[in-house]
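Colleague: Line by line, the protein sequences are chains A and B. The first sequence runs 1 to 134 under my numbering. The second sequence runs 1001 to 1134 under my numbering. No residue lacks a Cβ here, since even glycine has one placed at the ideal position from N, Cα and C. For reference, the structure I am asking about is given below.
Number of protein chains: 2
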Amino acid sequence: MVSNAVSQEFARKVTTEGVTVAEWSFMRALYDEEAVAPSVLAEKMGMTKGAISKLADRLLAKGLVARIESEQDKRAHSLLLSAEGRAKVPVLASLADENDAEYFGVLTMDEREALDRTLKALAARRGLRNIPAD
Amino acid sequence: MVSNAVSQEFARKVTTEGVTVAEWSFMRALYDEEAVAPSVLAEKMGMTKGAISKLADRLLAKGLVARIESEQDKRAHSLLLSAEGRAKVPVLASLADENDAEYFGVLTMDEREALDRTLKALAARRGLRNIPAD
DNA sequence: TATTGTTATACTCTATAACTATA
DNA sequence: TATAGTTATAGAGTATAACAATA
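Written out as structure tokens, the structure is:
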């Protein structure tokens, strides 16, 4: 219930910025790097290359992502954030923070810290690493 | 990440029983009651009546849900679990328990209790009540 | 008119698998 | 052949809005 409520509300918030949650995840994954091959992104996000291809199409159409062709390998290319896309990431990140603050604000500081610690321990012990797309 | 991992794994598990997570939520919502009007179910599950209608169609086709027509109001009907559907709920519930045990089993008893307590407090303070469908 | 449900339409998310171009 | 991506197809999940039947 908690996770659903938090992410539904976040979805509503990012929509006002013209992107979906999956698109945000995609952009966030690109933010850490210069340019990334679709196949690498698929691995990083735990999605198929078909799904990445479709998401990339939409983000290219929105002008938030750009692509550069590989010169060594004519099949390959890399994806990167456009200037506009890169500028948008902190805005979306602050929506995420705001959303978290809003939801978890009803907890005491101790509760928040305990929750944070426990979830991080869980993720570490289970080796979770995929960026959630929804 | 945690929530995504848990629910993706659960989705995989229920699929082996021939239902989707949304269908499971629907069945779970019916389990507490005799027969429920689609409109009431929509309210309870936080979905539109159109979405309920579509889900109900699938569950009727699978024989897990049945409907009874209202005699007072010829527009209305109620939905209820079929015998097969009712028998399936505990099976699916045990998959959910198994899944939770599997995921949260890497936590100590203290960590699990703290997590449980905090999430329940959060849900209570935020007045969350919708059954998550995904 | 108002209400109960259904249906039409649309979009996102995602997978699988077939396909194209290149290596 | 093998690999990088794209595309075709499909189905789930869901919303909005138009609609039919009945109240």
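Given a threshold of 16 other Cβ atoms within 10 Å of its Cβ, counted over all protein chains shown, does P90/A qualify as buried or as exposed?
Modeller: Result: exposed.
Colleague: Between N1130/B and R1028/B, what straight-line distance do the alpha-carbon atoms span, to the nearest angstrom?
Modeller: The alpha-carbon atoms of N1130/B and R1028/B are separated by roughly 12 Å.
Colleague: Considering only residues of the same chain and omitting the five flanking positions on each side of A1076/B, which have a CB-CB separation below 7 Å?
Modeller: Contacts found: A1037 and S1070.
Colleague: Select from L1092/B, S1078/B and A1083/B the residue whose C-alpha is nearest the C-alpha of S1053/B.
Modeller: Residue S1078/B is the option with its Cα nearest to S1053/B.
Colleague: Contact criterion: CB-CB distance below 7 Å. Does E1111/B meet it with respect to chain A?
Modeller: Chain A contact via Cβ: present.
Colleague: Is the Cβ of V1089/B closer than 7 Å to any Cβ of chain A?
Modeller: It does not: the Cβ of V1089/B has no partner Cβ on chain A nearer than 7 Å.
Colleague: In the structure shown, what three-state DSSP assignment does L1059/B receive?
Modeller: Reduced to three states, the DSSP call for L1059/B is helix.
Colleague: Taking beta-carbon pairs under 8 Å, can you tell me which members of the stretch 73–107 of chain A lie near chain B?
Modeller: Correct list: Y103, F104, V106 and L107.
Colleague: What are the residues in the stretch 1036–1058 of chain B lying within 7 Å of chain A by C-beta distance?
Modeller: Within the stretch 1036–1058 of chain B, no residue qualifies.
Colleague: Please identify, using Cβ separations under 7 Å, the residues of the stretch 1–34 of chain A that lie next to chain B, in order along the chain.
Modeller: Residues M1, V2, S3, N4 and A5.
Colleague: Less than 7 Å between CB atoms is the rule here; does R1125/B satisfy it with respect to chain A?
Modeller: At least one chain A Cβ lies under 7 Å of R1125/B.
Colleague: Do we get a CB-CB distance below 7 Å when we pair L1119/B with the residues of chain A?
Modeller: Taking Cβ atoms only, chain A reaches closer than 7 Å to L1119/B, which makes this a yes.
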